[in-house]
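One structure is given below, encoded as structure tokens.
In my numbering, the protein residues as written are -9 to 150.
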């Protein structure tokens, strides 16, 4: 008789554990239908290509975090113990950032110089110099920017 009770108790306990495990799993996980697609990304107007497909689900796009983060210059790490993704954008990128900022300044100076020259050409063609003061002010502002970046070659060029 005791043996029969033990068997029934064991079967009951297994049933309870099985049911509670299923209930827990149902709260944590669910099946969803998603679509994988190669998504185009533009960062500051520059085309960027992800190394993996993205997921489209209910109007949202889920991109591969590692691929996107590395593209943006982060070091990516994973802590398996805590389930944490670490993104480090603060690594020593001084030289890279400085070079990029200098390139941006050079592009800005070139674009502004071209625009001023474009605005100046009609004045010479029509011999109307009413806006010359505005042109000189723009060149002076541009020259000040060039002098502040400590580039002798560019500074000499802008002075000429």
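Glycine residues also receive a C-beta, built at the ideal position from the N, C-alpha and C atoms.
None of the values given here were measured: they were computed from a predicted structure.
Coil, strand or helix - residue 62 by DSSP = coil
Residue 33 in three-state terms, based on DSSP = strand
Classify residue 58 as buried or exposed, calling it buried when 16 or more other Cβ atoms lie within 10 Å of its own Cβ.
-> buried
In whole angstroms, what is the alpha-carbon distance linking residue 64 and residue 138?
-> 30 Å
Residue range of the unbroken beta strand (DSSP E) whose run includes residue 77 = 74 to 78
Out of curiosity, what's the CA-to-CA distance linking residue 123 and residue 54?
-> 53 Å
Same chain only: Cβ atoms within 7 Å of residue 129, ignoring 5 sequence neighbours per side | 106
Collapsed DSSP secondary structure at residue 49 in the structure displayed | coil
Leaving out the 5 sequence neighbours to the left and right, which residues in its chain are closer than 7 Å to residue 43 when beta-carbon positions are compared?
-> 26, 27 and 28
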